[in-house]
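Letter by letter, the sequence shown follows residues 1038 to 1224 in this note's numbering. Note that beta-carbon positions come from the ideal geometry of N, C-alpha and C, so glycine has one too. Heads up: the structure comes next, in structure tokens.
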Amino acid sequence: MKLIVGLGNPGREYEHTRHNAGFDVLDRLADLLITGISQSKFNALITTVRSGQETILLMKPQTYMNNSGEAVIQAVQFYKIPVDQILVIHDDLDLPVGKIRIRTSGSAGGQKGMKNIIDHLHTQEIARIRVGIDKNPLIPIVDYVLGKVPAEQREDYQAAINHAAEAAKASMTMPISEVMNRFNRSR
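And the structure:
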């Protein structure tokens, strides 16, 4: 079994904020797979899909961003999912809007949801897709990430969401190293 996790905050007030890029990607992935993510389990909204012989669990933790690891560890322990079969999708302040980067490991880079997952799984060897949201030095980080994407950036943001969803879909059938080679340089 594989696990694809999109990070964000639950609730209408957080819908389509920069910090919910992971949720937006997972929703787009669900659209591509013609499914919905609505079952409640592991303090998350989940669904399972099949790809060939593989079962993939799609997860949107409902624990709020900073406690995302609580939901992830429950699913990992219940299904005995190896860490190398996990892909996490989250926003990244250090990438420009419209860009994504896929990595197989590394620090959380200040992303508290990713840090919480690393802390719960006791490893940085977790594949992730980082979706660029840029930053604005004139706006406090918390206000910025919880803000909506402005109209002039929506097209680039949506392109990144679509690109990340395609990369996540590709990860269901190909090794993450191939996904990196294909999607890190194609935009």
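Where do the N-terminal and C-terminal ends of the beta strand (DSSP E) with residue i fall, by residue?
| i | result |
| --- | --- |
| G1150 | Looking at the DSSP string, G1150 is not in any beta strand (DSSP E); the run it does join, the alpha helix (DSSP H), is K1149 to L1158. |
| Q1111 | Q1111 -> not in any beta strand (DSSP E); alpha helix (DSSP H) instead, spanning S1105 to Y1116. |
| A1081 | A1081 to S1088 |
For residue i, which of the options has the nearest alpha-carbon?
| i | options | result |
| --- | --- | --- |
| M1229 | V1216, S1088 and A1081 | This structure does not reach residue 1229, given that the chain is present from 1038 up to 1224, and the question cannot be answered. |
| Q1099 | G1045, I1118, I1166 and L1063 | G1045 |
| L1183 | D1128, L1095 and V1042 | D1128 |
| V1042 | N1199, H1159, A1112 and G1146 | A1112 |
| T1072 | H1056, Y1051, M1096 and A1058 | M1096 |
Quick one: give me the first and last residue of the alpha helix (DSSP H) that residue i is part of.
| i | result |
| --- | --- |
| R1140 | Note, R1140: premise wrong, no alpha helix (DSSP H); beta strand (DSSP E) at I1137 to R1140. |
| I1178 | I1178 to V1182 |
| Q1195 | A1188 to S1208 |
Go through its chain and collect everything with a Cβ distance to residue i's Cβ below 6 Å, but skip five positions before and after it.
| i | result |
| --- | --- |
| R1165 | V1125 and R1140 |
| P1133 | G1169 and D1171 |
| D1193 | V1134 and G1135 |
| Q1148 | H1127 |
| S1208 | L1124 and V1216 |
| P1047 | Q1099 |
Are the Cβ atoms of residue i and residue j separated by less than 9 Å?
| i | j | result |
| --- | --- | --- |
| L1040 | I1093 | yes |
| V1120 | T1160 | yes |
| K1206 | L1069 | yes |
| N1221 | I1163 | no |
| A1067 | A1201 | no |
| M1038 | Y1116 | yes |
Using 8 Å for Cβ pairs, my map puts residue i next to residue j. What's the rounded Cβ distance?
| i | j | result |
| --- | --- | --- |
| I1198 | V1062 | 5 Å |
| T1084 | Q1076 | 6 Å |
Less than 7 Å between C-beta atoms, sequence neighbours within five positions excluded: which residues of the same chain meet that for residue i?
| i | result |
| --- | --- |
| N1104 | N1153 |
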